[in-house]
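S.K.: Going from the sequence shown to this note's numbering is simple: count from 1 and add 4.
Quick reminder that beta carbons are idealized off the backbone N, C-alpha and C, glycines included.
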Amino acid sequence: MGREIQKFMIKHPTMEDAQAITDLVSLCDIEDIGEPDITLSDVLDMWNSIQIDTDAWIALSETNEVIGYGFVEVTGANRMDTCVFVHPQFKNQGIGSLLLTKVEERAHVLAKGREGEQKLMNQISFTNHSARKLVEDRGYQFSRLYERMKIELEEKPSQYQLPEGMTLRPFQPDQDEETLFSIYDETFRDAWGYTKKDFATWISQKKGDGYDPSLWFIVWKDSKPAGFLMSRMQDDGLFIDLLGVKREYRKHGIGKALLLHTFGIAYQRNQKTILLYVDSDSLTNANRLYQQVGMKPHSQTAVYMKELID
5 MGREIQKFMI KHPTMEDAQA ITDLVSLCDI EDIGEPDITL SDVLDMWNSI
55 QIDTDAWIAL SETNEVIGYG FVEVTGANRM DTCVFVHPQF KNQGIGSLLL
105 TKVEERAHVL AKGREGEQKL MNQISFTNHS ARKLVEDRGY QFSRLYERMK
155 IELEEKPSQY QLPEGMTLRP FQPDQDEETL FSIYDETFRD AWGYTKKDFA
205 TWISQKKGDG YDPSLWFIVW KDSKPAGFLM SRMQDDGLFI DLLGVKREYR
255 KHGIGKALLL HTFGIAYQRN QKTILLYVDS DSLTNANRLY QQVGMKPHSQ
305 TAVYMKELID
């Protein structure tokens, strides 16, 4: 049973609330998957992409404890994303429902004047049945399942030889930005949920908190880019943010080479935990590649979708 409370207050967060929000989401993660899946840098990184004084909310108890959190982010030309969290001891009090109402009202404002059909994506732990029922009752449709995959390195990873004429090089700041964006845009056009992004916004977000250019890599075929990997070091391990290979260069071991190279860098830096998220229904069977290099499914996130109709 949740704790009985008389009332709660909804307001926009300030930077001073970042740690309390991290602690709240960690509690939700522990209930859902058995361990935290968020760090303070994750929250601050997310806040590089949104205006917290208009696009994020917290619920406060009568004793000023952060017991709820939600946000909405424009993630593409036709897409917005949201997550809502409620303290495990304060469930079934209407907090999640009110936060979701705030999210949806703001999403409709953000959608005004944007071309094309606008969609709101809501990400929920697969095991959080009450949250899934809440969004289903509000008209969201189940769309996708994402797997969190993980490996704990026990020894130095082997390297994988690229085909002749291909080289793997670290990203060069102030030189490779547009190349990286163009290859991202081309390789992720096949991915579910893809929407066109603006280069300047995309690169500034990727260079947010945790940015380390020595953890970004590009594979070149002679002078043409063929594949890329972007990762960052977090408190809980090295997180692989994006991995893509151009269609004409797939099935040449480029993805495997990028992964094993990144594993090697992590091992050198004494970071044994590697994490990533993958679409369970990836068109390129990415989860099979991750399993080949020793990664194992750890938890699942359900994505629900709702069209924003005026």
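Please classify Asp46: is it buried, with 16 or more other beta-carbons within 10 angstroms of its beta-carbon, or exposed?
M.R.: Counting Cβ neighbours within 10 Å, Asp46 comes out buried, since at least 16 surround it.
S.K.: From which residue to which residue does the beta strand (DSSP E) around Gly74 run?
M.R.: Element bounds for Gly74: Val70 to Gly80.
S.K.: Quick one, which of Leu233, Ser303, Lys200 and Val297 has its alpha-carbon nearest Thr131's?
M.R.: Per the Cα distances, Ser303.
S.K.: Whole angstroms is fine: what's the gap from Phe75's alpha carbon to Pro167's?
M.R.: Looking at the two C-alpha atoms, the distance is approximately 44 Å.
S.K.: Pick out whichever of Leu262, Cys32, Leu279 and Thr277 has its Cα sitting closest to the Cα of Gln163.
M.R.: It is Leu262 whose Cα lies nearest to the Cα of Gln163.
S.K.: Tell me whether Met13 is buried or exposed, calling it buried when 16 or more other Cβ atoms sit within 10 Å of its Cβ.
M.R.: With fewer than 16 Cβ atoms within 10 Å of its Cβ, Met13 is classed as exposed.
S.K.: What are the boundary residues of the beta strand (DSSP E) that Tyr150 is part of?
M.R.: Its beta strand (DSSP E) spans residues Gln145 to Glu156.
S.K.: Just list the residues that DSSP pairs Met13 with in beta bridges.
M.R.: DSSP output for Met13 lists Leu64 as bridge partner(s).
S.K.: Pull up the DSSP beta-bridge partners for Glu311, would you.
M.R.: DSSP, once it has assigned bridges, lists Lys123 as partnering Glu311.
S.K.: Apart from the five residues just before and just after Met5, which ones in its own chain have a Cβ nearer than 6 Å to its Cβ?
M.R.: With a pLDDT of 44 at Met5, under the threshold of 50, the modelled position of this residue cannot be trusted; read the value that follows with caution. Closer than 6 Å at the Cβ level, and outside the excluded window around Met5, lies no residue.
S.K.: Report back the beta-carbon spacing between Arg173 and Phe221 to the nearest angstrom; my notes put them in contact at under 8 Å.
M.R.: Their Cβ separation, rounded to whole angstroms, is 7 Å, which keeps Arg173 and Phe221 in contact under 8 Å.
S.K.: Grab the span of the beta strand (DSSP E) containing Ile244 for me, first residue to last.
M.R.: Per DSSP, Ile244 belongs to the beta strand (DSSP E) from Gly241 to Val249.
S.K.: Provide the residue span of the alpha helix (DSSP H) that contains Phe267, from first to last.
M.R.: Start and end: Ile258 to Gln272.
S.K.: Any idea what DSSP makes of Arg254, helix, strand or coil?
M.R.: Looking at Arg254 - three-state DSSP - the assignment turns out to be coil, as it is neither helix nor strand.
S.K.: Expressed to the nearest angstrom, what Euclidean distance is found between the alpha-carbon atoms of Glu156 and Asp49?
M.R.: Their Cα atoms are separated by approximately 24 Å.
S.K.: Assuming contact is defined by CB atoms lying nearer than 7 Å, are Val282 and Ala270 in contact in what I supplied?
M.R.: For Val282 and Ala270, no; Cβs fall outside 7 Å.
S.K.: In this structure, does DSSP put Gly6 in helix, strand or coil?
M.R.: The predicted position of Gly6 is uncertain, since its pLDDT is 48 and thus under 50; a value taken from the coordinates is nonetheless stated next. Gly6: coil per DSSP, three-state reduction.
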